[in-house]
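For the sequence shown, the UniProt record's numbering gives the first residue as 1, with consecutive numbering after it. The C-beta atom is built at its ideal place from N, Cα and C for all residues, glycine as well. Each remark here refers to the structure printed beneath this line.
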Amino acid sequence: MNSYIADLITLAGLLLTLVGAGVTAKAVILREDDAIKIGLSRYSGGTKEGNLKLPMVQNLLWSSKAAKWGLVTVGVGTLLQAVPVLFRVVF
């Protein structure tokens, strides 16, 4: 296998990693209203502001934020790996 084909396969793998990170990020990012729906009993009541202070809701929002930044890091790392491969393939 020559280096051009190897670079194309590497680039395809990096693009799949980037797409996968994006799909995963979309799935784990929660809005405040979603976190309240998931983290509380239907009978909890209270205001939105009060519900946002509850530990389960805070944990869900923190997890969502951490996952988002982790996947952004994966995406940026993948792009940085793809740049030299793109230069070899295109130029």
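In the structure shown, Leu-40 adopts coil according to DSSP, grouped into three states. For Arg-88, the secondary structure class from DSSP, reduced to helix, strand or coil, is helix. Counting C-beta pairs with one atom in each stretch, the stretch 47-55 and the stretch 12-23 have fewer than three that are closer than 8 Å, which means they do not touch. In the DSSP annotation of this structure, the continuous segment of the alpha helix (DSSP H) that includes Lys-48 starts and ends at 48-52. Assignment of Asn-2 by DSSP, reduced to helix, strand and coil, places it in the coil class. In the three-state scheme derived from DSSP, where H, G and I count as helix and E and B as strand, Leu-71 is classed as helix.
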